[in-house]
Amino acid sequence: MIGRVLPKPPNAVPWTVQLVARIEQVDASIDCTSAVVRLQPTWRQAVYEIGFAHVTRHYPLALEWIDFRSPDVRDVIDPRVFKRLHLWRAITIERGYHGDIFTGELSLGQAYVAQTFDRLGLFADLFPATTVRKAFSERRSKLRAIKAKARMTRLHRTEVSELLKIRLSKREYDVSHTVSLDSFRTLLPPRVIRALELYGSEGVPLVELERKSADAVFEISESLLPTLVYQLDVAVRHAECASPIVTGHLSDEDDIALGMLAL
Numbered sequence: 001m002i003g004r005v006l007p008k009p010p011n012a013v014p015w016t017v018q019l020v021a022r023i024e025q026v027d028a029s030i031d032c033t034s035a036v037v038r039l040q041p042t043w044r045q046a047v048y049e050i051g052f053a054h055v056t057r058h059y060p061l062a063l064e065w066i067d068f069r070s071p072d073v074r075d076v077i078d079p080r081v082f083k084r085l086h087l088w089r090a091i092t093i094e095r096g097y098h099g100d101i102f103t104g105e106l107s108l109g110q111a112y113v114a115q116t117f118d119r120l121g122l123f124a125d126l127f128p129a130t131t132v133r134k135a136f137s138e139r140r141s142k143l144r145a146i147k148a149k150a151r152m153t154r155l156h157r158t159e160v161s162e163l164l165k166i167r168l169s170k171r172e173y174d175v176s177h178t179v180s181l182d183s184f185r186t187l188l189p190p191r192v193i194r195a196l197e198l199y200g201s202e203g204v205p206l207v208e209l210e211r212k213s214a215d216a217v218f219e220i221s222e223s224l225l226p227t228l229v230y231q232l233d234v235a236v237r238h239a240e241c242a243s244p245i246v247t248g249h250l251s252d253e254d255d256i257a258l259g260m261l262a263l
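Mapping of the sequence shown onto the numbering used here: position 200 corresponds to residue 200, and the numbering continues sequentially without gaps.
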């Protein structure tokens, strides 16, 4: 597992893992080029399983939770910050970069890891104040992305709902045409299914199914929308063939055909 998580040593030799009891021992005269890595015995539970194995440019080997009373942060971080995030002192392997390009260098030393209470902001840096500021910045970026995605989802659902309503307004099948609910039971919300089941075993009027589906679009999982639209398309096409509307008016094709006969 360690080999999969940590960056490869410069000499490409597999890491040799040593377990040590205290965080200070993790940092005790380790050279990354020797491919020896020292970890706390609780590394798997305390680092890997909570998603801290790789944080920005850092690979934590040991973590120690700290609060606003810690000497290295009490003069540089507002104590109120600790009501919104957790902060750890860490021993990490840091990847060296020149700009955005990885230089291949690895260095071992102390860093800080901060995570907001809602887990949206996570950052590691050599300086505690920078770590906290960047964690909040990442949280804001993720919130903006979440809101943008939600906005796009609402727009998409609005478009789907409008398309279904437009098709219903141009209905070309008889209003008495009914369909089975079987293909829609896993697609529509339970309350909609219960309402449609009141029509009984003879089937549900397709016009009502279309109307209910258009209204329920905003309650349906995004992943189920394409399937719902497809199933409605199949039902509508079948209805248009099986029970078309008889309007009493000639279609354009019939007008042309009769015109040719009149000649």
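Glycine included, every Cβ here is placed at the ideal spot set by N, Cα and C.
In this structure, the CA atom of residue 2 is about 47 Å from the CA atom of residue 160.
Within its own chain, the residues whose Cβ lies closer than 6 Å to the Cβ of residue 40, once the five positions on either side in sequence are excluded, are 62, listed in chain order.
Excluding five sequence positions before and after residue 192, the CB atoms of its chain that fall closer than 7 Å to its own CB belong to 212, 216, given in chain order. DSSP places residue 129 in the helix class (H, G or I) of the three-state scheme. A straight-line Cα-Cα distance of about 22 Å links residue 163 and residue 176.
Contact between the region 216 to 236 and the region 178 to 197 is established, with three or more Cβ pairs separated by less than 8 Å. For residue 191, the uninterrupted alpha helix (DSSP H) segment begins and ends at 190 to 197.
Annotated as distal: residue 77 and residue 113, with beta-carbon spacing of 8 Å or more. Closest by C-alpha distance to residue 206, out of 218, 189, 244, 219, is 244. Straight-line spacing of the CA atoms in residue 127 and residue 34 works out to 27 Å. For the set 200, 174, 115, the Cα lying nearest the Cα of residue 235 is the one of 174. Taking 8 Å as the cut-off, the Cβ atoms of residue 59 and residue 6 count as close. Counting of Cβ neighbours within 10 angstroms places residue 139 among the buried residues, the total reaching 16 or more. The Cβ atoms of residue 26 and residue 38 sit closer than 8 Å to each other.
By the 16-neighbour rule on beta-carbons within 10 angstroms, residue 143 is exposed. Setting aside the 5 residues that flank it on each side, residue 223 has no residue in the same chain whose C-beta is closer than 8 Å to its C-beta.
Contact check for residue 96 against residue 107 passes: the beta carbons are separated by less than 8 Å. Secondary structure of residue 54 (DSSP, three-state): coil.
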